[in-house]
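So the sequence shown is numbered by this note's numbering: it starts at 21 and just counts up by one.
We put the beta carbon where it would ideally sit given N, CA and C, even for glycine.
Every value quoted in this text rests on a predicted model; they were computed, and no experiment measured them.
Encoded as structure tokens, the structure appears first; notes follow it.
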Amino acid sequence: MTEFNSSLKPIRRALLSVTDKTGLVEFARTLAGFGVELISTGGTARNLREAGLTVRDISDLTGFPEMLDGRVKTLHPLVHGGLLYIRGNAEHEAQVAAHGIQPIDMVVVNLYAFEKTAAQAGVAFGHLIENIDIGGPSMVRSAAKNFEDVAIVTRVADYPALAEELQANSGSLTRATRWRLAKQAFGTTAAYDTAIANTLDRIAEAPAAESPAAPDATALPTTLRINFPLAQSLRYGENPHQRAALYSDGSGLGLAGATQLQGKELSFNNLVDLDACWELAQEFPTGESDPAAVIIVKHTNPCGAATGASVLEAFQKALAADPISAFGGVIGINRAVDGEAAQEIAKLFVEAIAAPAFTAEARERFGAKKNLRLVEVHAAPPRPVVKHVSGGLLMQDADTGRIDADDLDAALKIVTWRPPTAEELRSLLFAWRVAKHVKSNAIVYARDGQTIGIGAGQMSRVDAARFGAMKGVLPLKGCVAASDAFFPFPDGLETVAAAGATAVIQPGGSVKDQDVIDAADRLDVAMVFTGIRHFRH
């Protein structure tokens, strides 16, 4: 085994073959300025020549033309031998000399944009397959494996720093830089292969080349492959003795892709709570004629949730539901925050606020609260839920179950002699949306687009009903109640009725359903079954 050489290594010959040509010409000029021979392929070579640079075609190096519609360009011993042989190793030196293999000291490669191709609606299966890069990943791996002698550049963002280092070291790179680049490179090929495998895994049968690829985005993978790059190191986790970091799927959507506009660094707990309130805020539509929704969360459970004609009204209603618990919480809002709402929200101590936008007036109002974190979030599509268990992982679909006003006849079953009034029904649907985001066992009391009391995470459903009633600071008489799962016995229903609820929404499905219905009829409580539950653990 050859001893590691810690010295600077000069770059004398570089192979450039990229899909993304951003910044390429400037970087190639830096290389050429140090007398580096530039070797290139296809469109990359043409791009460099048009910029006035001298380029040697890969076919001139290998003695073979680019063939098979470009599928075979760099898959050749004269390329990979030049990348993989260990400089200073006598046996390797003798072999490359015998076969006329020239050293290649740097590879600049980025890969076919497979993920962008896969994301195109209706992309043809044959086109998808053609966008699987073969030669690029092979060169990346060869160069990265031989990082002691070869620099592998896979990120456009690295060009400026590398140009500076080359200038500082007269055309050479340090071992530390080559090692950093090699680690990035293996991460690049791992992510690329993961994207390919995950996409193809969702295509059950290979269609004809001209047919749409049509991967099933809802299918659970046969093998769970996760490759999320580090987005942010965090000071600590839930507690100071736990390390933590945030990783992103790279989409720029959702909380991991959010933009922090002001405030202290987001903590692990901030992110968990913000995700909880943002996800609940997304349950409410955001059209111009739709009401605003404001969610106040403490320790992942909503302590206040409300809708209103404006963000200000919705906030005031959400805060009134439980002003004590709201202190030190986080807020999620389903629409842009304006100055009027910001002026009122700023009176309350909160850790962070997530919304799709903040007006200039809102940012000015919040600006005086330097520690308040403002986070601008763009909605992300529902993703499967992953949880760790000892020795493995659990995965399930996102809970996208929802009941909207336009499908009430199909979604709801009125089971009591008295149907809910129109006003009760509106409140029931609101309470049901909130209950979906409360830790089970969950009971939500609500009225007129406002939570009145929330019982979260209780071992007994009766205790959840009692706790929710105790937490309410507003009168419960005439409210409605939502239960995330069925009442196993009449006592839960009797508890919410005693608290003041006149109507109840629940999944149904208990062997004691008829006893619960009889209790509701006796107490003149209207009750509807949804047929679906919303356990949240």
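What does residue i pair with, by DSSP beta-bridge criteria?
i       : result
Arg-76  : Ile-59
Phe-378 : Val-357
Met-415 : Val-406
Cys-297 : In DSSP, Cys-297 forms no bridge with anything.
Ser-560 : The chain is shown only over 21 to 557; residue 560 falls outside these bounds and no answer can be derived.
Pro-322 : Val-317
Ile-106 : DSSP lists no partner for Ile-106.
Ala-635 : Since the first residue of the chain shown is 21 and the last is 557, residue 635 is not available in this structure.
Ser-37  : Val-129
Ala-466 : Thr-471, Val-500
Glu-396 : Thr-279, Ala-375
For residue i, which residues of its own chain have a beta-carbon under 7 Å away from its beta-carbon, when the five flanking residues on both sides are left out?
i       : result
Ile-434 : Val-548
Ala-217 : Arg-245
Phe-24  : Unreliable positioning characterises Phe-24 in this predicted model, as indicated by a pLDDT of 45, which lies under 50. A coordinate reading is not provided.
Leu-250 : Ala-265, Tyr-267
Ala-65  : Val-75, Asp-77
Return the residue from the list the options that minimises the CA-CA distance to residue i.
i       : options                            : result
Ile-154 : Phe-145, Asn-130, Val-143          : Asn-130
Ala-518 : Gln-534, Val-500, Phe-378          : Val-500
Leu-58  : Asp-125, Val-116, Val-92           : Asp-125
Ile-525 : Leu-294, Asn-67, Val-464, Gly-55   : Val-464
Asp-221 : Thr-243, Ala-211, Lys-203, Asp-80  : Thr-243
Met-490 : Ser-287, Asp-538, Asp-342          : Asp-342
Glu-135 : Leu-81, Gly-488, Pro-402, Gly-270  : Gly-270
Ala-361 : Glu-381, Gln-416, Gly-43           : Glu-381
Gly-72  : Gly-307, Val-516, Gly-53, Gly-488  : Gly-53
Ala-430 : Val-292, Gln-115, Thr-39, Gly-551  : Gly-551
Tyr-212 : Asp-80, Arg-66, Asp-358, Phe-248   : Phe-248
Arg-556 : Thr-471, Asp-419, Gly-498          : Asp-419
Arg-198 : Asn-289, Ala-251, Asn-354, Pro-30  : Pro-30
Arg-76  : Ser-231, Val-128, Leu-35, Asp-40   : Leu-35
Leu-254 : Val-292, Val-99, Gln-115           : Val-292
Leu-576 : Val-331, Glu-384, Thr-522, Ala-118 : Residue coverage of the chain in this structure runs from 21 to 557, which leaves residue 576 outside it and unanswerable.
Ala-228 : Gly-272, Ile-149, Thr-64, Gly-283  : Ile-149
Glu-285 : Glu-258, Leu-428, Gly-307, Gln-252 : Gln-252
Ala-374 : Leu-294, Asp-511, Gln-336, Thr-436 : Leu-294
Gln-140 : Ala-118, Met-479, Glu-225, Pro-235 : Pro-235
Asn-166 : Ala-202, Asn-151, Pro-180, Ile-152 : Ala-202
Is the beta carbon of residue i less than 8 Å from the beta carbon of residue j?
i       : j       : result
Asn-461 : Arg-486 : no
Pro-508 : Lys-532 : yes
Ile-121 : Gly-101 : yes
Ala-183 : Phe-47  : yes
Val-397 : Ala-296 : no
Ile-241 : Thr-209 : Note that residue 241 corresponds to Pro in the displayed sequence, not to Ile. Their beta carbons are not under 8 Å apart, which means Pro-241 does not touch Thr-209 by this criterion.
Met-159 : Thr-94  : yes
Ala-346 : Gly-328 : no
Tyr-392 : Thr-194 : A small fix is needed here, since residue 392 is Leu in this sequence, not Tyr. No, the pair does not count as a contact, with Cβ atoms beyond the cut-off.
Leu-281 : Leu-394 : yes
Ala-377 : Ala-399 : no
Ile-351 : Ile-365 : yes
Ala-325 : Ala-340 : no
Leu-186 : Thr-50  : yes
Ala-276 : Ser-268 : yes
Gln-416 : Pro-401 : no
Leu-103 : Ser-162 : yes
Ala-138 : Thr-219 : yes
Leu-98  : Thr-82  : yes
Gly-488 : Gly-473 : yes
For residue i, I'd like the list of residues in its chain whose CB is within less than 8 Å of its CB, leaving aside the five on either flank, ordered along the chain.
i       : result
Arg-553 : Asp-504, Ala-505, Phe-506, Pro-527, Gly-529
Leu-413 : Leu-244, Val-406, Lys-407
Leu-5   : The chain is shown only over 21 to 557; residue 5 falls outside these bounds and no answer can be derived.
Glu-113 : Tyr-105, Arg-107
Gly-348 : Lys-318, Phe-369, Val-370, Glu-371
Asn-290 : Val-350, Glu-371, Ala-372, Arg-393
Got a sec? Which residues, its chain only, sit under 6 Å from residue i by beta carbon, not counting five neighbours each side?
i       : result
Arg-91  : none
Arg-33  : Glu-57, Ile-124, Asp-125
Phe-450 : Ala-466, Gly-469
Ser-205 : Checking the sequence, you will find Ala at residue 205 rather than Ser. Cβ neighbours of Ala-205 beyond the five flanking positions: Val-160, Ala-164, Ile-172, Thr-174.
Ala-476 : Asn-321, Val-458, Lys-459, Ala-462
Pro-232 : Gly-142
Val-127 : Leu-35, Met-159, Ala-163, Ile-172
Cβ of residue i less than 8 Å from any chain C Cβ?
i      : result
Leu-81 : Note that chain C does not occur in the displayed structure, where there is just one protein chain.
Open item on the list: Does the segment 434–442 come into contact with the segment 309–316, if we say contact requires no fewer than three beta-carbon pairs (one atom in each stretch) closer than 8 Å?
Closed with: no
Open item on the list: Does the segment 457–476 come into contact with the segment 298–315, if we say contact requires no fewer than three beta-carbon pairs (one atom in each stretch) closer than 8 Å?
Closed with: yes
Open item on the list: For the structure I just gave you, are there three or more beta carbon pairs, one from the segment 136–144 and one from the segment 182–198, closer than 8 Å?
Closed with: These segments do not touch.
Task: At least three beta-carbon pairs within less than 8 Å, the segment 403–414 to the segment 385–392 - done: no
TODO: Examine the Cβ distances between the segment 414–424 and the segment 254–265 and report whether three or more of them are shorter than 8 Å.
DONE: Touching, no.
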